[in-house]
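If you're matching them up, the sequences are chains P and R in order. Take the first sequence: its letter number 93 is residue 93 in my numbering, and every next letter is one higher. Count along the second sequence from 1, add 1000, and you get the number used in my numbering. Here's the structure, in structure tokens; my notes come after.
2 protein chains.
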Amino acid sequence: MTLDEIDRRILRALQRDGRMSNADLSEVVHLSPSACHRRVQRLEKDGLIDSYVALLDPRKLGVPTIVFVEITLQGQADDLLDAFEKSVARIPDVLECHLMAGTADYLLKIVAEDTEDFARIHRQHLSRLPGVAQMQSSFALRTVCKTTALPL
Amino acid sequence: MTLDEIDRRILRALQRDGRMSNADLSEVVHLSPSACHRRVQRLEKDGLIDSYVALLDPRKLGVPTIVFVEITLQGQADDLLDAFEKSVARIPDVLECHLMAGTADYLLKIVAEDTEDFARIHRQHLSRLPGVAQMQSSFALRTVCKTTALPL
DNA sequence: GTTGAAAGTGTTCCCTC
DNA sequence: GAGGGAACACTTTCAAC
């Protein structure tokens, strides 16, 4: 499962445009369509390519507000973490949740329509999460840069 | 530019699978292929669909480590922020950078191979960012959930 | 929103290196 | 082992309705 330069070029191209046709992709990486197609299939099968998705514009969809929420739990028992994580995974407004080293236990990334909508999310979901000792929300004023493309 | 239930179904489907064929999509949303295709084109043209991308597996690509870095600048002058943001945007390991309200000025999301690689990123890039007063790095131990799909 | 026909694409086969 | 070319089926695309 080792990647050569052509594999990396394929991945870079597909990270930019996941709907690029195999014909175009094969030109970019200087390969015949069939050889290129075989490589893409291998990258998908090996799981290097996890999925293809459409990225939507949060502004135009009416959820331009990003809030990061740091949460500290009351303890570190496994069943406490499990219960918390299962509840978090069910909140549609939560895009990411990371278990953290250091001060806070969890860091959540949440999208909302505005501050009022975040208040709703807080009331309906966050305040009902089990085992929470402390919670601190930080609003993003502006997103300087954002990419889904991993460095290759 | 108002979305009806069919538009939302299209967006939900494409957020899950951006390479879904128009034929399949039209079945899911109960529309003829051409009618469905016209709607997708409108959603692309209006910018609700920003782009299509391939999502790669960070583990299999050798960058399983996520670090969040909070940065405070020495001041709030526009040219200070501009210089900082331009420098940040050039670091390939930075996936996200947000200007924040509250304590820290910026929050960066960074991927690395391991802690040693993060030390390299810190030395090569972060420590050379202009105007930085304070910097605090927090490592993610595990990603509980992660999605690019916005709630609809 | 629907139908239908033309152009383009993904996919598989077999052959070559 | 991996790449190239050609054939087929399927899709996208864009008329006209």
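Idealized CB from N, CA, C, for every residue including glycine. Since this is a predicted model, take the numbers as computed values, not measurements.
Report task. Inspect the CB distances between the segment 97 to 107 of chain P and the segment 1140 to 1149 of chain R and report whether three or more fall short of 8 Å. Result -> yes
Report task. Would you be able to state if there are at least three C-beta pairs under 8 Å between the segment 1052 to 1063 of chain R and the segment 1073 to 1091 of chain R? Result -> no
Query raised in the report: If you follow the beta strand (DSSP E) that A133(P) is part of, which residue opens it and which one closes it?
Result: V132 to K146
Report task. At 4 residues or longer, and completely inside the segment 15 to 90 of chain P: list those alpha helix (DSSP H) runs for me, N to C. Result -> 22 to 28, 33 to 45 and 78 to 89
Query raised in the report: Which chain P residues sit within Cβ distance under 9 Å of E1085(R)?
Result: V144 and C145
Query raised in the report: With distances taken from CA atoms, which of V40(P), Q124(P) and A35(P) is nearest A13(P)?
Result: V40(P)
Query raised in the report: Checking contacts by CB at 9 Å: is K1060(R) closer than that to chain P?
Result: yes
Query - Any C-beta of chain R under 9 Å from that of P130(P) - result: no
Query - Selection of the segment 113 to 137 of chain P by Cβ proximity to chain R, strictly under 7 Å - result: none
Report task. Please compile the residues from chain R whose C-beta is within a distance smaller than 8 Å of the C-beta of G75(P). Result -> Ordered by position in chain R, no residue passes the 8 Å Cβ test against G75(P), which lies about 16 Å from the chain.
Query - Distance between A104(P) and I6(P) (C-alpha atoms, nearest Å) - result: 42 Å
Query raised in the report: Quick one: is E1116(R) buried, meaning 16 or more other Cβ sit within 10 Å of its Cβ, or exposed?
Result: exposed
**Report entry** Short-range partners of chain R found in the segment 28 to 46 of chain P, where Cβ spacing is below 8 Å
**Finding:** D46
**Report entry** is_contact[V1088(R), chain P] using C-beta, thresh 9 Å
**Finding:** yes
**Report entry** Residues of its chain near R1019(R), where Cβ-Cβ distance is below 8 Å and the 5 sequence neighbours each way are ignored
**Finding:** Y1052
Query raised in the report: Is the CB-CB distance between I49(P) and L25(P) below 9 Å?
Result: no
Requested in this report: With DSSP as the reference, label H1122(R) as helix, strand or coil.
Outcome: helix
Query raised in the report: Among D1017(R), M1001(R) and L1003(R), which residue has its Cα nearest to the Cα of V1147(R)?
Result: The sequence shown places Thr at residue 1147(R), not Val. For T1147(R), the nearest C-alpha among the options comes from D1017(R).
**Report entry** Neighbour-count burial assignment, D82(P), 16 or more Cβ in a 10 Å radius
**Finding:** exposed
Requested in this report: Counting only the same chain and skipping the five closest in sequence on each side, list residues whose C-beta sits under 8 Å from that of S1032(R).
Outcome: S1026
Query raised in the report: Interface residues of chain R around P92(P) at Cβ under 8 Å?
Result: P1151
Query raised in the report: What did DSSP end up calling E96(P) once you bin it into helix, strand or coil?
Result: strand
Report task. To the nearest angstrom, report how far apart A203(P) and L1129(R) are at their CA atoms. Result -> There is no way to answer for residue 203(P), as the model of chain P reaches only from 1 to 152.
Query - Proximity of S1138(R) and V1029(R) at Cβ, strictly below 9 Å - result: no
Query raised in the report: Would you call T65(P) buried or exposed, if buried means 16 or more other Cβ atoms sit within 10 Å of its Cβ?
Result: buried
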